[in-house]
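>
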Amino acid sequence: MWALRAAVRRGLRLSRVGRGLPAPRAAAPSCPARALAAVGRRGPGNLEGPWGGGPGLRADGGRSRAEDDEEEPEDADENAEEELLQGEPLLPAGTQRVCLVHPDVKWGPGKPQMTRAEWQVAEATALVHTLDGWSVVQTMVVSTKSPDRKLVFGKGNFQHLTEKIRGSPDITCVFLNVERMAAPTKKELEAAWGVEVFDRFTVVLHIFRCNARTKEARLQVALAEIPLHRSNLKRDVAHLHRGAGSRYIMGSGESFMQVQQRLLREKEAKIRKALDRLRKKRQLLRQQRTRREFPVVSVVGYTNCGKTTLIKALTGDAAIRPRDQLFATLDVTAHAGALPSRMTVLYVDTIGFLSQLPHGLIESFSATLEDVAHSDLIVHVRDVSHPEVELQKRSVLSTLHSLQLPAPLLDSMVEVHNKVDLVPGYSPTEPNAVPVSALLGHGLQELKAELDAAVLKATGRQILTLRVRLAGAQLSWLYKEATVQDVDVIPEDGAADVTVIISDSAYGKFRKLFPG
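Position in the sequence shown counted from 1, then plus 38, gives you this note's numbering.
#1: From Asn215 to Leu169, what does the alpha carbon distance come to, in whole angstroms?
#2: Pro265 to Gly194, Cα distance in whole Å?
#3: Return the bridge partner residues of Trp172 from the DSSP annotation.
#4: Give the straight-line distance between the Cα atoms of Val242 and Val297, rounded to the nearest whole angstrom.
#5: Exposed or buried, Pro462, counting other C-beta atoms within 10 Å across all chains shown (16 or more means buried)?
#6: Scan the segment 445 to 496 and note each continuous beta strand (DSSP E) run of 3 residues or more that stays entirely inside, going in chain order.
#7: Can you tell me whether Ala544 is helix, strand or coil according to DSSP?
#8: With a threshold of 16 other CB atoms inside 10 Å of the CB of Glu109, please say whether the residue is buried or exposed.
#9: Starting from Cys248, trace the alpha helix (DSSP H) both ways and give me its first and last residue.
#10: Candidates Lys224, Leu227, Ala374: which alpha carbon is nearest Val383's?
#11: Taking the Cβ atom as the reference point for each residue, do Leu494 and Ala534 lie within a distance shorter than 9 angstroms?
#12: Drop a sphere of 10 angstroms on the beta-carbon of Val527, count the other beta-carbons inside from all chains shown, and report buried for 16 or more, exposed for fewer.
#13: Rounded to the nearest angstrom, what separates Glu217 and Thr240 at their Cα positions?
#14: Nearest CA to the CA of Leu271: which residue from Phe246, Gln258, Arg300, Asn249?
#15: Take every Cβ of the segment 135 to 144, pair it with every Cβ of the segment 159 to 177, and state whether three or more of those distances are shorter than 8 angstroms.
#16: Which one of Pro222, Tyr517, Ala357 has the shortest CA to CA distance from Val536?
#17: Can you list, in chain order, the residues of its chain with a C-beta nearer than 7 angstroms to that of Leu441? Leave out the 5 residues immediately preceding and following it.
#18: Check whether the Cβ atoms of Tyr464 and Val472 sit closer than 9 angstroms, and answer yes or no.
#19: Mapping DSSP to helix, strand and coil, what is Pro141?
#20: Helix, strand or coil for Asp421? Go by DSSP, reduced to three states.
#21: State buried or exposed for Ala162, treating a residue as buried only when at least 16 other CB atoms are found within 10 Å of its CB.
#22: Would you call the CB atoms of Ser293 and Ala221 closer than 9 angstroms?
#23: Report the three-state DSSP secondary structure of Ile501 (helix, strand or coil).
#24: Quick one: using the 10 Å Cβ neighbour count with 16 as the cut-off for buried, is Ala160 buried or exposed?
#25: Does the Cβ of Lys350 have 16 or more other Cβ atoms within 10 Å, making it buried, or fewer, making it exposed?
#26: Does the Cβ-Cβ distance between Gly344 and Asn456 come in under 9 angstroms?
#27: Measure the C-alpha to C-alpha separation of Ala250 and Leu257 and round it to an integer number of angstroms.
#28: Relative to the alpha-carbon of Asp142, which residue among Val525, Ala131, Trp172, Phe196 has its alpha-carbon at the smallest distance?
#29: How long is the line joining the alpha carbons of Thr182 and Gly498, rounded to whole angstroms?
#30: Are Ala492 and Val452 touching if we call contact CB-CB under 9 angstroms?
#31: So Val522 packs on Val506, CB below 8 angstroms; how close in whole Å?
Structure follows, in structure tokens:
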């Protein structure tokens with residue numbers, strides 16, 4: 039049972055002060071070992087990376103000196119990029135017993151609460167359990183009318199909360215379920231509670247760092263970490279100023295704070311430059327896809343809704359390894375699959391969305407999400423077994439609209455209701471929604487038929503029957519440049535009627551190459 043669903047279905051029975059949860063799990067490294075990027079090693083169904091063999095290879099597998107000379111600047115860039123990825127851990131390693139503190143905001147008249155506390159706490163619990171060796175041992179939901187105040191809670195609630203945390207020696211840290219804490223707030227809370235305190239931004243960012251495998255994803259995480267480094271810098275400098283010594287670096291005319299701020303600005307500029315280089319490479323890959331005229335289907339959805347499992351079921355790619363955890367997918371990958379019409383499409387797996395996803399993370403990963411804007415069709419996967427499936431849908435649609443996607447792309451979106459095997463007798467209420475169980479394979483043929491029709495409409499492809507001569511190159515050209523559905527040979531005429539799915543541009547080329 040999925041961690042988030044299990045947390046909600048237990049009912050949580052959250053007291054206004056706290057509740058003990060299951061015992062900590064066994065210790066494990068705080069960040070799992072990264073898998074190799076393995077571009078081109080995962081089988082023919084996986085088309086991530088440069089879409090084919092690497093350039094510049096000689097017949098004997100070697101490279102010429104000229105090519106080696108040309109690659110030196112790129113190697114230098116790669117070495118510089120690796121230096122940018124070095125950083126201290128955002129969270130402590132090893133087993134951590136977490137007290138989850140959720141500020142239950144009491145909105146005033148006319149300000150409806152957007153999400154229920156139970157769902158928010160369940161989601162925060164799932165985030166903690168995504169970290170190896172971390173477990174929630176106590177959950178406290180505490181009312182507050184002014185979450186923006188320095189200590190978040192009112193005086194009475196804060197004092198009661200402090201007594202509970204101080205009186206629980208099994209707690210090693212606190213996860214305060216707010217998007218971001220200001221440095222003074224973090225300092226005051228840690229002094230009062232006697233343990234480290236982390237916010238949602240730090241926890242999610244650490245999960246991103248653990249799950250980022252490609253260089254682009256790791257650079258995007260490094261970019262998102264810059265504001266956190268700036269916040270920590272202010273705290274560290276304030277601590278330094280309380281000690282002895284000058285705040286200026288000898289002979290430089292700059293204070294320690296100014297030097298560190300300059301270094302952070304330089305690092306941020308270098309990361310953005312490196313990401314820009316990778317973005318240009320991504321644009322080249324998209325141009326290659328356009329030349330080969332592969333229809334692209336972007337698969338989006340709330341984190342852990344089953345996107346990767348669905349793509350594996352649609353493509354049959356055994357190399358795809360779905361994981362039962364939040365943000366298992368950070369690196370955009372494309373996988374080839376065949377539709378009932380025999381048309382090949384590319385399914386693009388994207389990063390999962392989350393309610394209250396920190397803005398800095400959305401901004402850092404905006405370049406990755408550009409692939410969604412350049413797709414021919416969007417498939418929105420929803421976990422219909424989740425108790426807050428409608429809130430999740432609103433969160434995903436809100437994020438998609440914030441990307442300023444073309445209106446026709448949003449209007450043609452296919453909605454897939456996944457995990458129907460967990461909801462006995464499920465029947466979708468939304469029109470045109472396709473119910474499936476990606477894990478068990480239910481409803482996949484109906485989904486493929488829906489995708490077939492949607493892709494044909496979105497790409498403007500036609501289904502035509504063409505008369506071709508068997509002695510010429512027409513038939514082989516159609517097999518290469520179009521999707522051949524049927525060949526009806528007419529021996530007495532030395533010809534065949536060929537039914538194909540073909541784009542307007544390919545059909546124009548066919549008529550130009552083979553007139554008459």
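Glycine included, each C-beta is placed from N, C-alpha and C at the ideal position.
So, to answer that:
#1: 16 angstroms
#2: 32 angstroms
#3: Gln134
#4: 29 angstroms
#5: exposed
#6: 452 to 456
#7: helix
#8: Reliability fails at Glu109, whose pLDDT of 37 lies under 50, so the model's placement of it is uncertain and the value that follows must be treated cautiously. Answer is exposed; the Cβ neighbour count stays below 16.
#9: 238 to 249
#10: Ala374
#11: no
#12: exposed
#13: 9 angstroms
#14: Arg300
#15: yes
#16: Tyr517
#17: Leu407, Val410, Ala411
#18: no
#19: strand
#20: strand
#21: buried
#22: no
#23: strand
#24: buried
#25: buried
#26: yes
#27: 9 angstroms
#28: Phe196
#29: 54 angstroms
#30: yes
#31: Not really, about 10 angstroms apart at Cβ, beyond 8 angstroms.
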